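Peer 1:
Chains as they are written, first to last, in this note's numbering: chain C, 1 to 506; chain B, 507 to 848.
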């Protein structure tokens with residue numbers, strides 16, 4: 001019984017690999033000169049301001065939408081949920097790019113409609129974009145908490161004479177506080193690690209400054225900044241781990257039946273969010289496509305993206321299997337799994353910095369596709385581990401025992417029972433990694449071999465060069481890829497819901 | 507024939523099964539019963555080869571497993587029916603039952619016999635609990651095991667279903683003619699379906715015998731209490747008789763008792779008659795059970811007894827009654843205050 005599970009050794013090696021970037025950064029930063037100066041203070045202030053504004057904005061948008069989608073009987077509820085959750089699937093740099101290009105004097109809105117609009121950049125521009133693309137975190141976590149609440153408390157309060165609005169404020173919201181907090185912290189994490197938005201909005205946050213230092217060959221300084229950023233990331237992660245789930249027993253959920261005009265009013269007030277986050281980018285890209293055609297775009301870019309991402313997806317799933325099995329096998333395996341999750345918290349720009357240095361030390365890796373794939377794998381491995389683990393966990397251990405008792409050898413039991421039952425999770429995990437890698441920007445910018453242009457990096461070059469119109473094709477392709485990713489996630493959610501109702505029926 | 511000698515199983519340093527000995531007859535159904543944590547499921551897993559054993563031997567004739575010589579489960583020719591059914595969710599009922607069969611004749615036989623003909627193409631997720639258990643049984647029997655292990659096969663089912671499925675499983679096992687070890691925590695189930703009953707307590711087999719013997723002549727007080735309502739009345743053992751305050755009754759000394767003994771009285775061994783002010787006891791409480799009533803009375807000597815009588819009896823708490831011993835068979839007598847916890 002006390003035998004060392006077979007999955008521990010490979011899982012241990014993978015966990016050590018996941019720790020490597022942090023170690024590299026320490027080694028690199030130790031010979032940096034300035035620990036902290038006035039410039040750093042400004043960067044820190046900008047980063048924290050963006051963080052706070054994003055959390056605030058995401059909560060202000062996300063909580064009302066959670067109430068709307070959880071409790072109000074809407075026509076086509078599924079459609080609204082998908083539409084309102086969709087911004088989560090889009091990379092925020094797409095939004096930042098199009099909003100930056102659309103607003104202000106000479107912006108696309110003025111060009112197309114003749115309406116003068118204020119310039120969208122700096123702290124407020126970045127905060128708006130971040131809020132628009134992170135509120136679904138708050139909406140989803142809050143909605144999940146709302147759905148698990150028992151309606152009887154609200155009904156009791158209303159029979160005691162409290163109005164519905166007062167009930168929502170005093171009886172419902174305090175009980176979903178942890179859900180809101182969990183979502184807001186996820187939004188904060190996103191704001192901390194995102195590179196594209198502050199870079200496009202020209203706000204000097206850690207991620208943007210790290211990239212500037214890297215381009216100026218200040219790798220040591222970039223590493224020092226990376227470590228400082230990692231401290232903040234660590235604090236947010238720590239807070240997130242403190243947020244406890246709800247301990248209330250789930251019950252029958254509340255359902256509201258407002259008048260038609262009330263429902264319409266509520267949906268109408270959600271419209272600006274959908275317009276800014278989804279309709280605007282699509283409109284701008286299509287406008288550019290019509291105006292400028294596909295000039296400058298080569299299909300090689302899309303192929304490069306797909307090629308690197310496919311390799312990353314394959315490697316990630318192969319590595320995820322031992323980690324997931326180790327996590328199920330015992331507490332030490334769970335620790336190893338936690339360590340591999342570190343990569344998800346490491347911002348792409350930080351991972352890039354660490355691996356560039358690693359590449360400089362190991363010349364056979366420098367400027368190779370392998371290094372880029374390694375970065376993708378380390379960042380997105382947790383996605384694969386998560387899906388593989390959840391399907392493997394749902395695999396009842398008595399299944400394999402039953403197969404063995406019917407006379408199947410361990411190999412046959414694995415092939416006929418374990419593999420078919422976990423295959424779905426492996427495919428889903430690979431797809432998630434693939435789609436994330438397709439859209440990854442900062443690490444691809446830093447690690448892509450010379451001349452290796454992907455959809456995301458091409459979009460970035462176009463922005464840098466100021467030929468905005470050329471972004472149409474890569475932009476639309478990236479949106480398409482995001483839509484596929486969303487569909488995949490939602491079908492996974494539906495399956496989970498389905499499994500849940502199955503359990504209830506038993 | 508399955509023979510288990512001196513089987514012990516430890517989890518870490520904790521002994522879970524201690525020195526178990528048993529032999530299974532041809533087509534015999536042996537019930538293993540005991541409270542939660544008594545080691546009954548562990549015994550099944552050890553017999554199936556799913557966990558390593560610490561000591562002893564498991565022998566089927568064609569193979570023999572010891573602590574040092576593991577025989578993998580697939581080489582043991584054992585069938586197991588799991589508490590949670592363990593049906594393969596990605597396979598249909600038919601594919602489940604035919605899992606490793608080259609010849610599906612036997613699968614057809616069991617599918618038909620257990621009334622699963624119409625469900626061949628169904629997936630396990632769409633079956634009711636009772637249907638799942640029938641599929642699990644059909645799958646096990648179709649693979650022609652040398653013996654079958656049933657791990658609380660009815661505990662995940664509704665009370666109404668339990669009763670009928672209990673007999674369906676017994677009949678199927680008897681039709682197949684395979685011996686079986688059936689683990690349960692339900693003493694009623696154990697007494698009614700088993701050819702023999704083994705009572706386990708903290709990893710040790712307290713008694714193994716036919717149901718009647720276990721119930722009427724339990725080896726000790728733990729077995730007596732576990733298998734049903736039990737009251738104990740002090741008395742003096744003289745030869746074949748026990749002298750008690752309720753008169754002389756035939757007794758049978760268990761665990762070498764002599765002299766001062768305590769007599770095991772089941773609620774059905776006693777009668778209760780309403781009295782106005784005579785009688786020898788007072789009613790404490792009464793529970794209506796439908797066809798019968800269970801009374802708890804305190805004798806004038808201070809001893810408490812439980813009596814089961816017809817539902818037509820109408821004595822209320824606080825009223826006087828007279829209690830008498832009505833059975834003719836010898837009652838089990840235990841040494842006084844031998845063990846309190848059993």
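Virtual Cβ for every residue (Gly too), placed ideally from N, Cα, C.
Note that the structure is predicted; figures quoted are calculated from it, not measured.
#1: My guess is that residue 639 of chain B and residue 663 of chain B are in contact by the Cβ rule of under 8 Å, so how many angstroms apart are they, rounded?
#2: Taking the beta carbon of residue 835 of chain B as the centre, do at least 16 other beta carbons fall within 10 Å, making it buried, or is it exposed?
#3: Within its chain, find whatever has a CB closer than 8 Å to the CB of residue 748 of chain B; leave out the 5 residues flanking it on each side and keep chain order.
#4: Using beta carbons (cut-off 8 Å, strictly below), is residue 408 of chain C in contact with chain B?
#5: Using a Cβ-Cβ cut-off of less than 8 Å, list which residues of the segment 507-518 of chain B approach chain C; keep chain order.
#6: Applying the 10 Å Cβ sphere with the 16-neighbour rule, what's the burial state of residue 535 of chain B?
#7: Just to confirm my understanding: we take residue 399 of chain C, look at its own chain, exclude 5 residues before and 5 after, and list those with CB closer than 6 Å. What are they?
#8: Please classify residue 577 of chain B: does DSSP put it in a helix, a strand, or coil?
#9: Label residue 772 of chain B either buried or exposed according to how many other C-beta atoms from any shown protein chain fall within 10 Å of its C-beta, with 16 as the threshold for buried.
#10: Where does residue 162 of chain C fall in DSSP's three states?
#11: In chain C, what lies closer than 7 Å to residue 561 of chain B by C-beta?
#12: Does DSSP put residue 458 of chain C in a helix, in a strand, or in coil?
#13: Between the Cα of residue 372 of chain C and the Cα atoms of C:391, C:452, C:467, which residue gives the shortest distance?
#14: Would you kindly work out how many angstroms separate the C-alpha atoms of residue 595 of chain B and residue 529 of chain B, rounded to a whole number?
#15: With 16 other CB atoms within 10 Å as the buried threshold, where does residue 586 of chain B fall?
#16: For chain B, check one thing: does any of its Cβ atoms lie closer than 8 Å to the Cβ of residue 390 of chain C?
#17: List, from N- to C-terminal side, the alpha helix (DSSP H) runs of 4 residues or more that fit wholly inside the segment 294-382 of chain C.
#18: Assign residue 502 of chain C to one of two classes, buried (16 or more other C-beta atoms within 10 Å of its C-beta) or exposed (fewer than that).
#19: Return no unless some Cβ of chain C is closer than 8 Å to the Cβ of residue 584 of chain B.
#20: Going straight from the alpha carbon of residue 301 of chain C to that of residue 579 of chain B, what length do you get?
#21: Got a sec? Which residues, its chain only, sit under 6 Å from residue 422 of chain C by beta carbon, not counting five neighbours each side?
#22: Provide the residue span of the beta strand (DSSP E) that contains residue 686 of chain B, from first to last.
#23: For the segment 662-696 of chain B, which residues have a beta carbon sitting closer than 8 Å to at least one beta carbon of chain C?
#24: Quick one: residues in its chain with C-beta nearer than 7 Å to the C-beta of residue 395 of chain C, no 5 flanking neighbours on either side, listed in chain order?
#25: Taking residue 481 of chain C as the reference, give the member of C:456, C:466, C:351, C:204 with the closest Cα.
#26: On the DSSP letters alone, give me the boundaries of the beta strand (DSSP E) that residue 544 of chain B sits inside.
#27: CB-CB under 6 Å to residue 354 of chain C, same chain, minus the five flanking residues each way: which ones, in chain order?
#28: Do the segment 308-318 of chain C and the segment 136-151 of chain C meet, that is, are 3 or more Cβ pairs less than 8 Å apart?
#29: Buried or exposed, going by whether 16 or more other CB atoms sit within 10 Å of the CB of residue 9 of chain C?
#30: Would you list the residues sitting across from residue 805 of chain B in a DSSP beta bridge?
#31: Just reading off the alpha helix (DSSP H) that residue 61 of chain C is part of, what are its end residues?
#32: With 8 Å set as the bound, which would you pick, yes or no: does the beta-carbon of residue 404 of chain C sit closer than that to a beta-carbon of chain B?
#33: Which residues in the same chain have their Cβ closer than 6 Å to the Cβ of residue 186 of chain C, if we skip the five residues on either side of it in sequence?
#34: List the residues of chain B that residue 5 of chain C touches, going by C-beta distances under 7 Å, in chain order.
#35: Compare the beta carbon distance of residue 564 of chain B and residue 556 of chain B with 8 Å and say whether it is the shorter of the two.
#36: At which residues does the beta strand (DSSP E) containing residue 830 of chain B begin and terminate?
Peer 2: This is what the structure holds:
#1: Taking the first residue of the second chain as position 1, residue 639 of chain B is located at position 133. Taking the first residue of the second chain as position 1, residue 663 of chain B is located at position 157. Residue 639 of chain B to residue 663 of chain B, Cβ: 7 Å. Contact.
#2: Along the second chain, one-based indexing puts residue 835 of chain B at 329. Exposed, since its Cβ has fewer than 16 Cβ neighbours within 10 Å.
#3: The residue given as residue 748 of chain B occupies position 242 in the second chain. Cβ within range, chain order: 741, 742, 754, 755, 756, 757, 767, 769, 837, 839.
#4: As a working note, residue 408 of chain C is residue 408 in the first chain. Judged by the 8 Å Cβ criterion, residue 408 of chain C is in contact with chain B.
#5: 517, 518
#6: The sequence position of residue 535 of chain B within the second chain is 29, counting from 1. Under this definition residue 535 of chain B is a buried residue.
#7: Sequence index remark: in the first chain, residue 399 of chain C carries index 399 (1-based). So the qualifying residues of the chain are 417.
#8: As a first step, residue 577 of chain B must be located in the second chain, where it is residue number 71. Residue 577 of chain B: coil per DSSP, three-state reduction.
#9: For the purposes of this step, residue 772 of chain B is taken as residue 266 along the second chain, with counting starting at 1. It is buried - the Cβ of residue 772 of chain B has at least 16 other Cβ atoms within 10 Å.
#10: Position 162 of the first chain, counting from 1, holds the residue named residue 162 of chain C. In this structure, residue 162 of chain C counts as coil in the three-state DSSP scheme.
#11: Against the second chain, residue 561 of chain B aligns to sequence position 55. Within 7 Å Cβ-Cβ: nothing; residue 561 of chain B doesn't reach chain C, min ~15 Å.
#12: Your numbering for residue 458 of chain C matches position 458 in the first chain. In this structure, residue 458 of chain C counts as helix in the three-state DSSP scheme.
#13: As a working mapping, residue 372 of chain C is identified with position 372 in the first chain. It is C:452.
#14: As a first step, residue 595 of chain B is located in the second chain; it is residue number 89 there, counting from the start. As a first step, residue 529 of chain B is located in the second chain; it is residue number 23 there, counting from the start. Between residue 595 of chain B and residue 529 of chain B, the C-alpha separation is close to 35 Å.
#15: One-based indexing of the second chain puts residue 586 of chain B at position 80. When all chains shown are included, residue 586 of chain B counts as buried.
#16: Position 390 of the first chain, counted from the start, is the residue given in the question as residue 390 of chain C. No, its Cβ sits nowhere closer than 8 Å to a Cβ of chain B.
#17: If you keep only unbroken alpha helix (DSSP H) runs of at least 4 residues inside the segment 294-382 of chain C, you get 299-329, 331-345, 348-361.
#18: Working through the first chain from its first residue, we reach residue 502 of chain C at position 502. With a pLDDT of 38 at residue 502 of chain C, under the threshold of 50, the modelled position of this residue cannot be trusted, and the question is left open.
#19: Position 78 of the second chain, counted from the first residue, corresponds to residue 584 of chain B. Yes, residue 584 of chain B lies at the interface with chain C (some Cβ there is under 8 Å from its Cβ).
#20: If you number the first chain from 1, residue 301 of chain C lands on position 301. If you number the second chain from 1, residue 579 of chain B lands on position 73. When rounded, the distance between both Cα atoms is 54 Å.
#21: Here residue 422 of chain C refers to the residue found at position 422 when the first chain is read from its first residue. Result list for residue 422 of chain C: 391, 392, in chain order.
#22: Here residue 686 of chain B is taken as the residue at index 180 of the second chain, counted from 1. Residues 686-690.
#23: none
#24: Within the first chain, the letter at position 395 stands for residue 395 of chain C. Closer than 7 Å at Cβ, skipping near neighbours: 418, 421, 422.
#25: If you number the first chain from 1, residue 481 of chain C lands on position 481. For the residues C:456, C:466, C:351, C:204, the minimum Cα distance to residue 481 of chain C belongs to C:456.
#26: Position 38 of the second chain, counted from the start, is the residue given in the question as residue 544 of chain B. Per DSSP, residue 544 of chain B belongs to no beta strand (DSSP E) and is neither H nor E.
#27: Here residue 354 of chain C refers to the residue found at position 354 when the first chain is read from its first residue. Excluding sequence neighbours, residue 354 of chain C sits near 21, 24, 25.
#28: no
#29: Within the first chain, numbered from 1, the residue matching residue 9 of chain C stands at position 9. Result: exposed.
#30: By one-based count along the second chain, residue 805 of chain B stands at place 299. Its beta-bridge partners are B:787.
#31: For the purposes of this step, residue 61 of chain C is taken as the residue at position 61 of the first chain. Where residue 61 of chain C is concerned, the enclosing alpha helix (DSSP H) stretches over 38-71.
#32: Your numbering for residue 404 of chain C matches position 404 in the first chain. So yes, residue 404 of chain C belongs to the interface.
#33: Against the first chain, residue 186 of chain C aligns to sequence position 186. Correct list, in chain order: 137.
#34: Mapped onto the first chain, residue 5 of chain C falls at position 5. In chain order: nothing, as chain B lies at least about 15 Å away.
#35: Residue mapping note: residue 564 of chain B aligns to position 58 of the second chain, counting from 1. Residue mapping note: residue 556 of chain B aligns to position 50 of the second chain, counting from 1. The answer is no: Cβ separation not under 8 Å.
#36: As a working note, residue 830 of chain B is residue 324 in the second chain. Taken as a continuous stretch (DSSP letters only), the beta strand (DSSP E) holding residue 830 of chain B covers 826-831.
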